[in-house]
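Chains A and B supply the protein sequences, listed in that same order. Residue numbers for the first sequence follow my numbering, so the first one is 1 and each next one is one higher. Residue numbers for the second sequence follow my numbering, so the first one is 1 and each next one is one higher. Quick reminder that beta carbons are idealized off the backbone N, C-alpha and C, glycines included. Just so it is clear, the structure is predicted and the values come from calculations on it, not from any experiment. Encoded as structure tokens, the structure appears first; notes follow it.
2 protein chains.
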Amino acid sequence: MDERAMRQAIERKREGAALEPSLWETIVAAYMAGAVDDAQMAAMAMACVWRGLTIAEAAALTRAMVASGQTLQYPPNSVVVDKHSSGGVSDIVSLVVVPLVAACGVRVAKLSGRALGHTGGTIDKLETIAGFNAALPMDAFVAQVERIGCAIAAQSDAFVPADKRLYHLRDRTATVPSLGLIASSIVSKKIAGGAQHFVFDVKCGSAAFMRTRAEAVELAQALVDISREFGRGAKAIVSDMNEPLGRSIGTGIEVIEARDFLRGRMLDARVRELCLQVATAMLELACIGEPRALAASVLESGGAYEKFVELIEAQGGSKHALEALALPERVQPVNAQREGYVERIDAVALGNLAREWSGKAPTAGIRLSVRLGDRVERGQLLAECYSAHANGRQVQTAITIGDARPTPHPLVYATL
Amino acid sequence: MDERAMRQAIERKREGAALEPSLWETIVAAYMAGAVDDAQMAAMAMACVWRGLTIAEAAALTRAMVASGQTLQYPPNSVVVDKHSSGGVSDIVSLVVVPLVAACGVRVAKLSGRALGHTGGTIDKLETIAGFNAALPMDAFVAQVERIGCAIAAQSDAFVPADKRLYHLRDRTATVPSLGLIASSIVSKKIAGGAQHFVFDVKCGSAAFMRTRAEAVELAQALVDISREFGRGAKAIVSDMNEPLGRSIGTGIEVIEARDFLRGRMLDARVRELCLQVATAMLELACIGEPRALAASVLESGGAYEKFVELIEAQGGSKHALEALALPERVQPVNAQREGYVERIDAVALGNLAREWSGKAPTAGIRLSVRLGDRVERGQLLAECYSAHANGRQVQTAITIGDARPTPHPLVYATL
């Protein structure tokens with residue numbers, strides 16, 4: 001493909017055409033080979049934001065991006081499930097369900113990214129455990145999944161280099177918000193990871209990349225449809241992100257909540273329900289009977305916690321290091337200035353604050369004492385700040401108390 | 001401006017916002033300084049194609065582009081008019097009206113581009129006259145306008161370098177068709193040229209960049225509005241380009257038609273009418289009374305032809321060289337294969353053919369014997385090919401004879 005052919009392709013997308021799958025493969029290959037440059041690709045990306053991509057186009061783009069790098073292979077008889085979250089605040093689902101599903105006897109190979117914007121990253125969280133190694137070589141990752149049933153590692157740089165380059169370009173050129181490009185980016189990394197089945201947890205709400213239910217459902221459907229084009233089993237759950245999912249916001253502080261949840265000591269109802277739904281979907285894809293009951297019993301029996309410890313030990317950490325994780329001592333309480341209902345919790349603001357504090361002390365962060373819609377009295381505790389650098393006023397500003405009880409958001413908007 | 005600020009600007013344009021004039025100036029300056037790269041600019045250009053630019057934005061962009069290079073200055077009491085065509089086939093208007101208006105006593109400074117695609121360029125045409133120098137240094141150009149009242153020269157490379165760079169980028173990235181970007185590009189070059197008044201001849205139809213009347217009127221209005229933001233007097237004429245304007249298509253062959261028109265030997269009615277309308281608009285801007293009658297009389301008296309000769313002599317050519325221009329001897333007639341009405345003349349195809357032939361012999365080309373809507377008998381002459389390389393079949397294919405008399409197109413769709 002030369003410059004002229006790429007110009008014609010951009011022109012067609014600009015006019016709203018769907019490009020042939022083989023053309024997308026040619027474009028990505030030419031981009032990686034240097035025959036198509038960043039300027040042409042940026043114009044194409046903006047045309048995609050404008051005109052959208054069909055599922056066939058997004059699948060072709062996904063295929064082309066996967067082909068740009070290495071892929072993992074599991075033994076043919078090994079059923080391996082992966083799980084993806086579109087990114088939220090206090091999203092500890094991966095930390096819980098990876099060992100939970102593995103403890104149910106289904107292999108989970110979780111390849112994860114870093115924190116992005118106000119949302120946390122599973123890898124950053126686990127690295128607060130002394131000794132934990134998230135940078136597993138990919139053969140060691142596969143071997144660990146086969147041996148103990150689960151692993152959580154950072155994506156290899158050798159995976160989907162085209163996505164890395166394209167994402168960096170899109171980030172610079174304000175061409176991120178194209179549903180087709182987002183879906184291709186997500187699925188390409190899952191396909192390269194080698195699992196047969198994927199569960200996508202698409203967050204929806206004020207602190208999510210998808211603000212509306214309609215957008216989130218559209219992305220979830222695209223993720224499932226594209227995965228199926230590759231013969232993979234896929235399910236998606238569209239879950240609420242109008243407030244933090246769990247009680248804790250930060251890096252290490254979220255590992256503490258996940259650990260205590262798995263030990264049965266901090267059983268937030270929303271965290272429990274979403275984790276069970278995600279785990280159930282993963283088990284269903286692996287054709288496990290009565291999946292929800294199984295997951296619930298493995299959670300209660302402590303089997304999931306044992307598997308979590310096993311995972312951490314397999315990756316260089318220890319039970320001692322996990323259990324030694326503790327909140328910073330300095331607590332600054334945030335109290336309600338008035339009585340009323342919790343009308344709004346600005347999870348973006350809280351996520352940004354907690355990430356800033358976590359940079360200074362790994363387990364620093366915020367622990368919420370209230371949920372959206374809770375009735376509070378004047379002076380009642382809303383949250384605790386665990387950081388020497390905390391400014392309680394900023395947390396207070398992020399929690400709005402009003403007169404009317406707000407309409408509650410469902411935890412799960414849709415399952416696909 | 002850094003990469004982050006540019007990303008925010010692209011984001012706002014992507015969401016449909018109008019950017020502040022000062023921001024456009026910052027963007028262009030940063031692009032020329034290398035702080036904003038081609039990829040970000042390409043994404044911005046596609047967002048402009050998508051969302052459009054307001055007149056205030058287009059004017060700001062124009063101002064920023066003008067500021068990137070040199071500009072011409074005329075003495076304060078010198079009233080200078082410039083004229084622009086959006087590009088057509090057999091468009092000999094500039095060759096006629098520049099000397100015509102100058103012969104009426106109004107200075108005309110015509111800076112011109114090269115041929116683009118299937119359309120001809122005034123500079124290329126004039127260079128078929130032996131000795132003619134279109135590459136005047138800009139001080140010599142200004143001096144000639146002051147001395148003899150007119151000059152036609154190629155734009156200096158020192159004019160609007162930002163437009164040159166941006167146009168090249170837009171061409172590669174399929175982001176040309178943005179009305180605001182097109183208008184800024186055109187007006188910036190006119191402003192840099194230093195004239196006080198501009199007449200824009202916006203072509204409209206199957207062989208024009210603007211296919212529909214609505215698009216052409218919108219561009220014409222934008223050109224006039226942006227010019228007025230700079231305190232320049234401006235008028236626009238939206239004229240037909242569903243068939244070649246004149247009878248001759250090529251490079252030197254169009255100079256021959258213009259010469260003979262000015263000598264009163266080849267008075268095509270459409271050419272005459274459009275030239276008089278354009279000249280009238282130019283004279284009106286210079287506040288000349290009874291402009292149309294004056295232009296018509298100067299045309300008939302031969303005064304315009306004398307001025308044309310004077311212009312050519314001033315730029316290194318001679319009356320002899322002009323009058324020596326002759327068609328190639330080899331004529332291949334193209335005759336009607338059937339009786340009927342001339343339903344369609346494919347000016348794009350004819351323009352491309354003639355440009356190809358002109359590359360081999362400067363005065364090679366096509367001379368049409370019919371107009372759209374003419375009644376023809378079987379065997380009647382449709383056109384003559386003046387080229388040793390002519391393939392009459394290709395010309396024949398470009399002229400469609402049908403049963404029904406087509407609805408005639410007006411010559412002028414709108415004047416603004």
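Worksheet entry | Given 8 Å, three or more beta-carbon pairs between the region 31-43 of chain A and the region 156-170 of chain A | yes
Worksheet item: For B:Glu310, which option in B:Glu3, B:Gly252, B:Val98, B:Ser297 has the closest C-alpha, if you only look at C-alpha atoms?
Response: Position 310 of the second sequence holds residue 310 of chain B. Residue B:Val98 is the option with its Cα nearest to B:Glu310.
Worksheet item: From which residue to which residue does the beta strand (DSSP E) around A:His84 run?
Response: Locating residue 84 of chain A in the first sequence gives position 84, counting from the first residue. Residue range 80-85 is occupied by the beta strand (DSSP E) that includes A:His84.
Practice prompt. Compare the C-beta of A:Glu310 against all C-beta atoms of chain B and say whether one is closer than 9 Å.
Written response: Position 310 of the first sequence, counted from the start, is the residue given in the question as residue 310 of chain A. By this cut-off, A:Glu310 is not an interface position.
Fill in: Same chain only: Cβ atoms within 7 Å of A:Glu273, ignoring 5 sequence neighbours per side
Locating residue 273 of chain A in the first sequence gives position 273, counting from the first residue. Only Leu411 meet the Cβ criterion.
Item to complete: Compute the beta-carbon to beta-carbon distance between A:Leu299 and A:Leu136, rounded to the nearest angstrom, for a pair I have assumed lies under 8 Å.
Response: Against the first sequence, residue 299 of chain A aligns to sequence position 299. Against the first sequence, residue 136 of chain A aligns to sequence position 136. That pair is no contact at about 26 Å.
Practice prompt. Identify each residue in the region 116-142 of chain A for which the Cβ-Cβ distance to at least one residue of chain B is less than 7 Å, and report them in chain order.
Written response: Sequence-ordered contacts of the region 116-142 of chain A with chain B are nonexistent [C-beta pairs closer than 7 Å].
Worksheet item: Which chain B residues sit within Cβ distance under 8 Å of A:Leu169?
Response: On the first sequence, residue 169 of chain A is found 169 positions in, with the first residue counted as 1. Going along chain B in sequence order, the residues near A:Leu169 (Cβ under 8 Å) are Ala39.
Discussion item. If we define contact as Cβ-Cβ less than 9 Å, is B:Thr175 a contact residue for chain A?
Written reply: Residue numbering aside, residue 175 of chain B sits at position 175 when the second sequence is read from its first letter. Chain A contact via Cβ: present.
Discussion item. Any C-beta of chain B within less than 7 Å: which residues of the region 3-17 of chain A qualify?
Written reply: Glu3, Arg7, Ile10, Glu11, Arg14
Worksheet item: Taking just the CA atoms, how far does A:Gly246 sit from A:Arg270?
Response: The residue labelled residue 270 of chain A in the question sits at position 270 within the first sequence. The residue labelled residue 246 of chain A in the question sits at position 246 within the first sequence. Spanning the alpha carbons of A:Arg270 and A:Gly246 requires a straight line of approximately 7 Å.
Item to complete: Please report the residue range of the alpha helix (DSSP H) in which A:Val271 lies.
Response: As a first step, residue 271 of chain A must be located in the first sequence, where it is residue number 271. First-last of the alpha helix (DSSP H) with A:Val271: 269-285.
Worksheet item: With respect to the beta strand (DSSP E) encompassing B:Tyr413, which residues constitute its N-terminal and C-terminal limits?
Response: By one-based count along the second sequence, residue 413 of chain B stands at place 413. 412-415 is the extent of the beta strand (DSSP E) around B:Tyr413.
Fill in: Interface residues of chain D facing A:Arg172 [CB-CB closer than 7 Å]
Included in the structure are the protein chains A and B, with no chain D among them.
Discussion item. With a threshold of 9 Å between beta-carbons, can A:Asp24 be considered close to chain B, or not?
Written reply: Position 24 of the first sequence, counted from the start, is the residue given in the question as residue 24 of chain A. Checking the sequence shown, residue 24 of chain A turns out to be Trp, not Asp. Not flagged as an interface residue toward chain B: A:Trp24, since no C-beta distance is shorter than 9 Å.
Practice prompt. Output the distance between the C-alpha atoms of B:Met44 and A:Thr62, rounded to the nearest integer angstrom.
Written response: Within the second sequence, the letter at position 44 stands for residue 44 of chain B. Within the first sequence, the letter at position 62 stands for residue 62 of chain A. Using only the alpha carbons, I get a separation of about 25 Å.
Worksheet item: Is there contact between the region 175-187 of chain B and the region 218-232 of chain B, where contact requires at least three CB pairs shorter than 8 Å?
Response: yes
Worksheet item: Can you list, in chain order, the residues of its chain whose CB lies under 7 Å from that of A:Gly303, leaving out five sequence neighbours each side?
Response: Stepping through the first sequence from its first residue, residue 303 of chain A is reached at position 303. The answer, listed in chain order, is Ala103.
Worksheet item: Among A:Glu377, A:Ala174, A:Ala130, which one has its Cα closest to the Cα of A:Gly402?
Response: Counted from its first residue, the first sequence places residue 402 of chain A at position 402. Cα-wise, what sits closest to A:Gly402 is A:Glu377.
Worksheet item: Should the region 14-30 of chain A be regarded as contacting the region 50-58 of chain A, the criterion being three or more beta carbon pairs within less than 8 Å?
Response: yes
Worksheet item: Expressed to the nearest angstrom, what Euclidean distance is found between the alpha-carbon atoms of B:Gly392 and B:Gly379?
Response: Here residue 392 of chain B is taken as the residue at index 392 of the second sequence, counted from 1. Here residue 379 of chain B is taken as the residue at index 379 of the second sequence, counted from 1. Straight across, the Cα-Cα distance linking B:Gly392 with B:Gly379 is about 14 Å.
Item to complete: Just the chain A side, please: which residues come within less than 7 Å of B:Val49 by C-beta, in chain order?
Response: Mapped onto the second sequence, residue 49 of chain B falls at position 49. Result: Arg14.
Fill in: Three-way DSSP call (helix, strand, coil) for B:Ala29 in this model
Against the second sequence, residue 29 of chain B aligns to sequence position 29. Three-state result, B:Ala29: helix.
Fill in: Meets three-Cβ-pair contact criterion under 8 Å: the region 56-70 of chain B and the region 236-252 of chain B
no
Discussion item. Please report the distance separating the alpha-carbon of A:Ala5 from that of B:Cys204.
Written reply: Counting from one through the first sequence, the residue named residue 5 of chain A turns up at place 5. Counting from one through the second sequence, the residue named residue 204 of chain B turns up at place 204. Taking the straight line joining both Cα atoms gives about 28 Å.
Discussion item. What residue range does the alpha helix (DSSP H) around B:Tyr305 cover?
Written reply: Stepping through the second sequence from its first residue, residue 305 of chain B is reached at position 305. First-last of the alpha helix (DSSP H) with B:Tyr305: 303-314.
Worksheet item: Using 9 Å as the limit for Cβ to Cβ distance, is B:Met46 near chain A?
Response: Reading the second sequence from its first residue, position 46 is the one you call residue 46 of chain B. Interface residue, yes.
Item to complete: Indicate whether at least one CB of chain A lies closer than 9 Å to the CB of B:Ala43.
Response: As a working mapping, residue 43 of chain B is identified with position 43 in the second sequence. It does: the Cβ of B:Ala43 has a partner Cβ on chain A nearer than 9 Å.
Discussion item. Can you tell me which residues form a DSSP beta bridge with B:Thr400?
Written reply: Here the question's residue 400 of chain B lines up with position 400 in the second sequence. In the DSSP output, where bridge partners are listed per residue, B:Thr400 has B:Arg344.
Worksheet item: Can you tell me whether DSSP reads B:Asp38 as helix, strand or coil?
Response: Numbered from its first residue, the second sequence carries residue 38 of chain B at position 38. Looking at B:Asp38 - three-state DSSP - the assignment turns out to be helix.
Discussion item. For A:Leu276, which residues in the same chain have their Cβ closer than 8 Å to its Cβ, ignoring the five residues on either side in sequence?
Written reply: Along the first sequence, read from residue 1 onward, the residue named residue 276 of chain A stands at position 276. Excluding sequence neighbours, A:Leu276 sits near Arg292, Ala295, Ala296, Leu299.
Discussion item. Could you give the first and the last residue of the continuous beta strand (DSSP E) run that contains A:Gly233?
Written reply: Position 233 of the first sequence holds residue 233 of chain A. Unbroken beta strand (DSSP E) run through A:Gly233: 233-240.
Item to complete: Rounded to whole angstroms, what's the CA-CA distance from B:Ser206 to B:Glu343? Just pull it up for me.
Response: As a working note, residue 206 of chain B is residue 206 in the second sequence. As a working note, residue 343 of chain B is residue 343 in the second sequence. The alpha-carbon atoms of B:Ser206 and B:Glu343 are separated by roughly 13 Å.
Item to complete: Pull up the CB-CB distance for B:Glu57 and B:Trp24, whole angstroms please, since I reckon it's below 8 Å.
Response: Position 57 of the second sequence, counted from the first residue, corresponds to residue 57 of chain B. Position 24 of the second sequence, counted from the first residue, corresponds to residue 24 of chain B. Rounded to the nearest angstrom, the Cβ distance from B:Glu57 to B:Trp24 is 6 Å, consistent with a contact under 8 Å.
Item to complete: Starting from A:Ile256, follow the alpha helix (DSSP H) in both directions and report where the run begins and ends.
Response: Residue 256 of chain A sits at position 256 when you count from the first residue of the first sequence. 252-262 is the extent of the alpha helix (DSSP H) around A:Ile256.
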